[in-house]
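Residue numbers (our numbering), protein chains in the order written: chain R, 10 to 336; chain D, 66 to 361. All residues carry an ideal CB built from backbone N, CA and C; glycine is no exception. Some notes on the structure that comes next.
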Amino acid sequence: MLAYTIRRFGQSFIVLVFMSFLVFVGVYAIGNPVELLVNPQADEAERIRATAALGLDKPFLEQYWGFLKGAAKGDLGKSFVFNVPALTLILEKLPATIELAFVAMVIAISLGIPLGLVAGLKPDSFIGRGIMAGSIMGFSLPTFWVGLVLIMIFSVHLGWLPSNGRGETVLVAGIPVSFLTMDGIAHLAMPATNLALFKLSLLIRLTRAGTREAVLQDYVKFARAKGLPQRRVIGVHVLKNILIPIVTVIGLELGSVIAFAIVTESIFAWPGTGKLLIDSINQLDRPVIVAYLLVIVSLFVVINFVVDVLYSLLDPRVRLGGAAAAH
Amino acid sequence: MAEPARVEGPWVRFWHEFAESRLALVGLALLALVVAIAILAPVISPQNPYDLAQLDVMDSKLAPGEASGTGKTYWLGTDDQGRDMLSGIYYGLRISLGVGIASTIFALAIGLVFGLVAAYFGGWVDTLVMRIVDIQLSFPAILIALVLLAVLGQGVDKIVVALVTVQWAYYARTVRSSALVERQKEYIEAARVLALGQARVVFRHLLPNCLPPLIVVATVQVAHAIALEATLSFLGLGLPITEPSLGLLISNGFQYLLSGKYWISFYPGIALLVTIMAINLVADQLRDVLNPRLRK
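Below is the structure:
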């Protein structure tokens, strides 16, 4: 287990450094941020001064080396636009994104698994077909368009829900959260639903497919033959066995929810990291783009690792890293 | 069907199995309609939305069904530049479908070659290719595409490059896994015994037998590519304003949504939805028909 962890993080570290290089090269090629930052009337001397102040006059490799040295100390550079450390900027916005992703995931799980179970147990019934049709819709509807339609209905037409921002927040352990105030919940409702929709469809499909396979298995037939009540057969025997792939997918999708939050945040003006990224791309704020990617990639690495460990705990047949994990 | 004594050919059987699902037929019909509209856009559009001479600012933001000063009726309304939404959607479909199909073809070709090579040669080639595929697939497609487009800038060619980059890995993985199975079979051994060239064995013998699962993945991926392009264009990172795809049309209308002018965003979204759903319905049925495990 320890050897596996070390090897795994070693690999991830190499990926991170490689990624940072690629991103750095890429971002370097986007364009000259000085053009956007200085006054259009500025003369040549002023431009050169601004370029030097941002450290952009140095050769590329020197800039990258400087970045790596800083990164090792936890310093990912300063935002060109806000003139504060990029990492601080991202960490400030991260709670909003995580809150949104988390609530979306809770919605998707608490609706997706029960609906998928129903659709899987009665695949040919009216309800089962209805759920599947809904899930095909959920797959086909582009997330951003659903967001617009939600705003159209609930903000413009009915006037029930606010269309942008986080609303009132309260501090929990020093971190502002929205879901504890009524105003916050009203602001959270649409973006979270929007973000949850695709994952909900995915979970319905997965649970349905797993259930359909599981009910044909001998252990389910045996449990039924023993005379166990239907509730126990489904709640324990079926659910426990279909949960393994579902937990994996939920874990893996957590990363993609955070990535897709970029779209949802842009629509609902949710002040999270995704919106920050889009703004930074438009303003050529290189350090923030690079820092965002490094933070998000690190987050993915950790999530994937936790999922793998969880997977091996849930399913004893899976052994991480071969012999290293055997006791 | 006219001569019942005849044995069904593979294509006829394929069609019969496909036609078993009425939903899939609906999907196919919708898809045919969408493709026809995309191809015929210049002929059937009431207006050329790119020709500024045909646009009248006086007609901007008209509601669906309203008539212009010259007596033309805009059935789906107009956008902020007085562009007929119906024509805009027809032309937008052309671009969305074109981008989706082009990127799928390129990604398929690249993924195919890498997947086949990895499976056929095995060893370090396989490890290297699959490691890259694994790493890439561990990141959400939208994130990779977003960063790529931030670097590359706007344009049809750029968005195709970004979509190909995020998609090839799916094909590589699919081809490899089916090629690994096929490689063990006797006909490959027979081809080798005949001392045929390696390229011939790979592309003439191995490849055709790996195609069925690929066709399914490719169909689904066209829908994904269209949705991804629309999303990126919506975020302002995909196509330039001069070539509005459906995503860009929706994005244009977003700023007018809060003032109740819903049609600028709403109808292009419906077109997008119908396109993606039609492809998904066809793909679902293709998966069932081409899955050998479900063969009766």
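- Partner residues in the beta bridge of T143 of chain D, as assigned by DSSP, are D:D149.
- Using a CB distance cut-off of 9 Å, D144 of chain D does not count as an interface residue toward chain R.
- At a cut-off of 9 Å, the C-beta of P151 of chain R has a neighbouring C-beta in chain D.
- In this structure, G157 of chain D lies away from S330 of chain D, with their beta-carbon atoms at least 9 Å apart.
- Contact between the segment 301 to 308 of chain D and the segment 250 to 262 of chain D is not established, with fewer than three Cβ pairs separated by less than 8 Å.
- N113 of chain D and I102 of chain D have their C-alpha atoms roughly 14 Å apart.
- For P333 of chain D, the uninterrupted alpha helix (DSSP H) segment begins and ends at 328 to 355.
- Take the alpha-carbon of T97 of chain R and the one of N345 of chain D: they are about 42 Å apart.
- For G264 of chain R, at least one C-beta of chain D is nearer than 9 Å to its own C-beta.
- When the beta-carbon positions are compared, Y185 of chain D and A234 of chain D stay at least 9 Å from each other.
- Inclusion of L338 of chain D and W74 of chain R in the CB contact set at 9 Å is not warranted, their separation being larger than that value.
- Of all alpha-carbon atoms in D:G180, D:I170, D:V99, the one lying nearest the alpha-carbon of L272 of chain D is that of D:G180.
- Taking a 10 Å sphere around the C-beta of A295 of chain D, we find 16 or more other C-beta atoms and assign the residue as buried.
- Taking a C-beta distance under 9 Å as the contact criterion, Q72 of chain R and F33 of chain R qualify as a contact pair.
- Taking C-beta separations shorter than 7 Å and ignoring five residues to either side along the sequence, the partners of A167 of chain D in its chain run V225, following chain order.
- In the three-state reduction of the DSSP assignment, I253 of chain R falls in the helix class.
- Partner residues in the beta bridge of K87 of chain R, as assigned by DSSP, are R:P94.
- Three or more beta-carbon pairs separated by less than 8 Å are not found between the segment 77 to 84 of chain R and the segment 260 to 271 of chain R, which leaves the two stretches without contact.
- Of D:A183, D:H81, D:Y327, the smallest CA-CA separation from I162 of chain R is found for D:Y327.
- Going by C-alpha positions, R87 of chain D is about 11 Å away from A94 of chain D.
- Nearest to L323 of chain R by alpha-carbon distance, out of R:L167, R:N250, R:F269, is R:N250.
- In this structure Q249 of chain D is exposed. Its beta-carbon is surrounded by fewer than 16 other beta-carbon atoms within 10 angstroms.
- Between A113 of chain R and V266 of chain R the beta-carbon gap is near 6 Å, inside 8 Å, which marks them as a contact.
- One alpha carbon belongs to V231 of chain D, the other to R233 of chain R, and they sit about 46 Å apart.
- Contact annotation for A268 of chain R against chain D: P205, I207, L208 [CB-CB distance below 7 Å, chain order].
- Residue nearest to K230 of chain R within the set R:V90, R:N313, R:K78, R:V247 is R:V247 (criterion: CA-CA distance).
- Within 7 Å of the CB of S275 of chain R, the CB atoms of chain D belong to L300, in sequence order along the chain.
- Taking a Cβ-Cβ cut-off of 9 Å, G153 of chain D has no neighbours in chain R, whose nearest Cβ is about 16 Å from it.
- Neighbourhood of L313 of chain D in chain R, by CB distance below 8 Å: empty, with the nearest CB roughly 12 Å away.
- Closest option to N313 of chain R, judged by alpha-carbon separation, among D:K137, D:R241, D:S324, D:P205: D:P205.
- By the CB criterion at 9 Å, A195 of chain R and L170 of chain R fall inside the cutoff.
- The beta carbons of M191 of chain R and I160 of chain R sit no closer together than 9 Å.
- Distance from the CA of D144 of chain D to the CA of S152 of chain D, rounded to the nearest whole angstrom, comes to 11 Å.
- For A198 of chain R, the enclosing alpha helix (DSSP H) covers residues 191 to 223.
- DSSP, read as helix, strand or coil, puts G187 of chain D in coil.
- Residues of chain D with a Cβ closer than 8 Å to the Cβ of I290 of chain R are, in chain order, L211, A215, L302.
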